[in-house]
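Everything below concerns the one structure shown next.
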Amino acid sequence: MQTSHSKSLYRRNITLLYLFQVTSHLWFDGALWVIYWEHRGLNLFVIGLLEALLHLVSLLLDIPMGILADKIGWKYSLFLSGIAGTMYCALSLLSYVTLGAFSAFVFRGVQITLANGSDMALTYETALSSGDVNRYQSLSGRLYATQILALGLAEGLGGWLGGWNWTAVYGLFAIANLISATCSLFLCTPRPKDSKSSAHTLAAAAPSLLNMLMTSARFAVKNSTYRRWIAFSATLSGCIATFSFYGQSLLHDVGWSTQSVGILMGVECAVSAFASVTSSTITRKLNIPGIAILTASGLALFAWLPPICKAFGYLLSQVMGSTAEPLIDKSLNDLLPGSLRATLLSGNSTAFSLFMVAIFPLFGYVSSRSSTIQTYHWCSGLLLFSLVIGFPIWLWKRRRKAAIRHAKKSQGTVM
Numbered sequence: 000m001q002t003s004h005s006k007s008l009y010r011r012n013i014t015l016l017y018l019f020q021v022t023s024h025l026w027f028d029g030a031l032w033v034i035y036w037e038h039r040g041l042n043l044f045v046i047g048l049l050e051a052l053l054h055l056v057s058l059l060l061d062i063p064m065g066i067l068a069d070k071i072g073w074k075y076s077l078f079l080s081g082i083a084g085t086m087y088c089a090l091s092l093l094s095y096v097t098l099g100a101f102s103a104f105v106f107r108g109v110q111i112t113l114a115n116g117s118d119m120a121l122t123y124e125t126a127l128s129s130g131d132v133n134r135y136q137s138l139s140g141r142l143y144a145t146q147i148l149a150l151g152l153a154e155g156l157g158g159w160l161g162g163w164n165w166t167a168v169y170g171l172f173a174i175a176n177l178i179s180a181t182c183s184l185f186l187c188t189p190r191p192k193d194s195k196s197s198a199h200t201l202a203a204a205a206p207s208l209l210n211m212l213m214t215s216a217r218f219a220v221k222n223s224t225y226r227r228w229i230a231f232s233a234t235l236s237g238c239i240a241t242f243s244f245y246g247q248s249l250l251h252d253v254g255w256s257t258q259s260v261g262i263l264m265g266v267e268c269a270v271s272a273f274a275s276v277t278s279s280t281i282t283r284k285l286n287i288p289g290i291a292i293l294t295a296s297g298l299a300l301f302a303w304l305p306p307i308c309k310a311f312g313y314l315l316s317q318v319m320g321s322t323a324e325p326l327i328d329k330s331l332n333d334l335l336p337g338s339l340r341a342t343l344l345s346g347n348s349t350a351f352s353l354f355m356v357a358i359f360p361l362f363g364y365v366s367s368r369s370s371t372i373q374t375y376h377w378c379s380g381l382l383l384f385s386l387v388i389g390f391p392i393w394l395w396k397r398r399r400k401a402a403i404r405h406a407k408k409s410q411g412t413v414m
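The sequence shown lines up with residues 0 to 414 when you count with numbering that gives the first Met the number 0.
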């Protein structure tokens with residue numbers, strides 16, 4: 000039964016989580032950072048290395064930071080994330096371009112890593128403590144829509160500011176990071192019912208870091224469903240991110256202005272927000288194969304359509320990613336034990352980082368040696384070929400499992 004205290008905690012936390020999602024996703028350089036560093040004199044291969052460095056930092060720190068978040072408290076992890084984001088903005092404006100760029104992306108990686116899993120873990124535990132866990136996907140979708148709308152607003156405004164003054168872009172971004180850091184401190188961590196004291200303080204009795212890591216590793220090895228969701232999420236997000244980020248340069252090359260790119264990203268965020276809110280309805284109809292097919296189709300259309308029409312392919316692929324995000328998040332959270340939630344959710348971002356470290360700079364290298372548009376043609380063709388091969392295999396495995404379940408059920412009936 001839900002008490003007045005739990006209702007109050009739920010309302011307080013959800014309100015603050017909405018505010019946090021808004022302020023922590025005002026990425027004013029989100030639609031422009033590739034263009035910005037090209038403007039500062041870096042080529043696409045070096046820009047690819049910057050993004051790879053960001054994800055290498057995430058890869059090295061994801062699991063330790065997840066464990067740290069579970070130990071010291073998710074809200075303190077979110078606070079430190081905001082501080083790291085402020086450092087990213089300051090370093091991006093250094094007059095020493097190469098030093099500033101690589102230092103900035105180290106802090107950007109720390110920022111993203113500290114936030115990974117903590118906000119959704121806090122949301123899930125808040126919903127669980129209030130008895131609303133069955134509505135978690137809808138709540139997650141609305142929070143995700145909120146952050147996308149905030150991102151869209153910031154990208155649109157950033158596109159306009161970028162044509163005027165880059166310092167204003169990163170100055171506003173720094174202020175937003177400081178506000179999100181302050182907001183996170185007012186969040187409350189729900190206390191598990193069987194807990195005698197807070198489980199999220201350094202003084203609390205808790206497993207050792209090594210024990211938590213070993214327990215998480217055993218869970219990942221034994222749970223094939225967890226591994227499949229991680230692999231799907233990393234591949235889907237990685238392909239969309241690679242096409243999207245380098246897409247800034249592609250659109251600029253084919254005649255789009257900085258302001259036009261910002262507007263497109265803003266529109267994409269608005270459409271993606273609607274998709275994430277309706278995620279539960281859409282995913283029931285499309286299922287995972289439908290999402291994968293439509294995502295690959297959108298990426299291919301973005302690569303092959305004429306300049307003005309590329310927006311359609313871009314929007315389709317981004318919408319599919321936003322539709323899948325709440326489903327992936329809920330499916331993972333439903334599998335995970337609460338004491339290791341942030342640690343195991345960090346596995347999702349770890350896999351994504353592996354993809355970005357390996358593939359993202361390779362895409363930039365090929366683009367710098369040939370051309371961006373040609374690289375898009377090759378990669379979109381490879382994606383479509385992979386679907387043509389992979390979909391029949393997935394269908395065969397699904398039917399085989401269904402046949403095995405039917406056979407076991409029939410044997411049980413006979414016995």
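C-beta: ideal position from N, C-alpha, C; glycine also.
Please read these numbers as outputs of a predicted model, since none were measured by experiment.
Simplified DSSP state of P288, which is helix, strand or coil: Here residue 288 refers to the residue found at position 289 when the sequence shown is read from its first residue. DSSP places P288 in helix when its eight states are reduced to three.
Straight-line Cα distance separating Y75 from H38: In the sequence shown, residue 38 corresponds to position 39, counting from 1. In the sequence shown, residue 75 corresponds to position 76, counting from 1. Taking the straight line joining both Cα atoms gives about 36 Å.
Alpha-carbon to alpha-carbon, G155 and I34: Taking the first residue of the sequence shown as 1, we reach residue 34 at position 35. Taking the first residue of the sequence shown as 1, we reach residue 155 at position 156. Cα to Cα, the separation comes out at about 14 Å.
Sequence-distant residues of the same chain with beta carbon closer than 6 Å to R340, five excluded per side: The residue you call residue 340 lines up with position 341 of the sequence shown. Counting only Cβ-Cβ distances below 6 Å, and skipping sequence neighbours, we find A120.
Cut-off 7 Å between Cβ atoms - residues of its own chain near C187, not counting five sequence neighbours on either side: By 1-based counting over the sequence shown, the position of residue 187 is 188. The residues are L8, R11 and N12.
Those runs of the alpha helix (DSSP H) which lie wholly inside the segment 249-296 and span at least 4 residues: 257-276
Rounded C-alpha distance that separates F301 from R368: Residue 301 sits at position 302 when you count from the first residue of the sequence shown. Residue 368 sits at position 369 when you count from the first residue of the sequence shown. One C-alpha to the other measures close to 21 Å.
Within 8 Å, strictly: CB atoms of F27 and G157: Working through the sequence shown from its first residue, we reach residue 27 at position 28. Working through the sequence shown from its first residue, we reach residue 157 at position 158. Closer than 8 Å, so yes.
Span of the alpha helix (DSSP H) around F185: As a position in the sequence shown, residue 185 is number 186, starting the count at 1. F185 -> no alpha helix (DSSP H), and no H or E assigned at all.
Cα-Cα separation, D61 to K6: Numbered from its first residue, the sequence shown carries residue 61 at position 62. Numbered from its first residue, the sequence shown carries residue 6 at position 7. Going by the C-alpha atoms only, they are around 32 Å apart.
C-beta contact flag for G81 and S179 at 8 Å: As a first step, residue 81 must be located in the sequence shown, where it is residue number 82. As a first step, residue 179 must be located in the sequence shown, where it is residue number 180. For G81 and S179, yes; Cβs fall inside 8 Å.
CB of S139 within 8 Å of CB of A68, strictly: Locating residue 139 in the sequence shown gives position 140, where the first residue counts as 1. Locating residue 68 in the sequence shown gives position 69, where the first residue counts as 1. Cβ distance not < 8 Å, so S139 and A68 don't count as in contact.
Residues near N176 by beta carbon distance below 6 Å, same chain, minus five either side: Within the sequence shown, numbered from 1, the residue matching residue 176 stands at position 177. Result list for N176: G81, G84 and T85, in chain order.
Close beta carbons around D193, own chain, < 8 Å, minus the five adjacent residues each side: What you label residue 193 is simply residue 194 of the sequence shown in a count that begins at 1. Only weak support exists for where D193 lies, its pLDDT of 43 falling under 50; the coordinates are left without a value.
Buried or exposed by the 16-neighbour rule on C-beta atoms within 10 Å, applied to I107: What you label residue 107 is simply residue 108 of the sequence shown in a count that begins at 1. According to the sequence shown, residue 107 is Arg rather than Ile. Counting other Cβ atoms within 10 Å of its Cβ, R107 reaches 16 or more and is therefore classed as buried.
Close Cβ partners of A299 (< 8 Å) along its chain, the five nearest in sequence each way excluded: Counting from one through the sequence shown, the residue named residue 299 turns up at place 300. So the list reads G312, S379, G380, L382 and L383, once near-sequence residues are dropped.
Ordered list of alpha helix (DSSP H) runs contained in the segment 111-157, each at least 4 residues: 117-129
Selection from L31, K329, A295 and M64 that minimises the alpha carbon distance to L314: The sequence position of residue 314 within the sequence shown is 315, counting from 1. Considering only alpha carbons, the answer is A295.
Identity of the residue in S330, I388, L92 and G47 nearest W228 by Cα: Along the sequence shown, read from residue 1 onward, the residue named residue 228 stands at position 229. Selected option, being the one with the closest Cα: S330.
Contact set for S23: own chain, Cβ-Cβ below 6 Å, skip 5 residues either direction: Within the sequence shown, numbered from 1, the residue matching residue 23 stands at position 24. Taken in chain order, the residues that qualify are S179.
Straight-line Cα distance separating S223 from K408: The sequence position of residue 408 within the sequence shown is 409, counting from 1. The sequence position of residue 223 within the sequence shown is 224, counting from 1. Put simply, the backbone Cα of K408 is about 22 Å away from that of S223.
Alpha carbon of G40 to alpha carbon of Q373, nearest angstrom: If you number the sequence shown from 1, residue 40 lands on position 41. If you number the sequence shown from 1, residue 373 lands on position 374. Going from the Cα of G40 to the Cα of Q373 covers about 22 Å.
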